[in-house]
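Trainee: Numbering (our numbering), first residue to last: 5 to 189. For each residue, glycine too, the CB sits at the ideal point set by N, CA and C.
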Amino acid sequence: MSIVIHQTFGRIGIKTTPAQISIESPKADLEIKQIPAKMKIDQKLPQVYIDQYQCFYESGLKSIFDLVHDEAQMSKQIALEAIGKIAEDGDTLASIENHQDAIVKLSEEVLIQDIDFNVGLMPESRPKIWFDGYLRINWQLGGAEVRAIPHKPQISAIPGHINIYMREYPSIKIEYVGNNFDKTV
């Protein structure tokens, strides 16, 4: 007589669904306000002044007042020189007893005169030149005002799931094998 035991082990199954996380981070909103720079320009246009009065004066292009003044001065000088010459000639003639040829000497002076020649550049002076004008620039700096508005991240989560189940249940089967009967007579 024999006993046969068949045993089947239990098996479990595990089915998993992983968790999912989704994170969305929206960009921050920026508000930018720009303040422009200011510039103020103050100017007086340049002017060139040229004074050629002295150049014209030296070249003989004089005003009527300068011409009259210069001629009066020159006439006065010529008159004084002539008076001096006449007085000197009178003194020479007055001392004729000392000089025997005083009249010859005076007549030679009248006939033979030294004349000065001179070459000069006209005009001798340079014109006076000056400028008038300006440029002023005043700056006022601008700037920028920046305001940032942040946004919270958007997070969505799907939780994971674990499902445990019996794939095969355990079992025990016991059999009696053999032909053994009790006989009774």
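For Y61, tell me which candidate among V72, Y53 and Q51 has the shortest Cα-Cα distance.
Mentor: Nearest of V72, Y53 and Q51 to Y61, Cα basis: V72.
Trainee: Just checking my contact of K80 with D74 at CB under 8 Å: how many whole Å lie between their CB atoms?
Mentor: That belief does not hold up - the Cβ atoms of K80 and D74 are roughly 11 Å apart, past 8 Å.
Trainee: Look up I90 in the DSSP assignment and say whether it is helix, strand or coil.
Mentor: Helix at I90.
Trainee: Report the option in I153, I27 and Y53 whose CA atom is closest to the CA atom of D136.
Mentor: Looking at the Cα atoms, Y53 is the closest of the given residues.
Trainee: Could you check which residue in R15, T12, K31 and I9 has the C-alpha nearest to that of Q158?
Mentor: Nearest C-alpha to Q158: K31.
Trainee: May I have a chain-ordered list of the alpha helix (DSSP H) segments no shorter than 4 residues that lie completely inside the stretch 90 to 150?
Mentor: Taking only runs of at least 4 residues, the alpha helix (DSSP H) segments lying wholly in the stretch 90 to 150 are 106 to 115.
Trainee: H165 to T20, Cα distance in whole Å?
Mentor: Near 6 Å, if we compare the C-alpha coordinates of T20 and H165.
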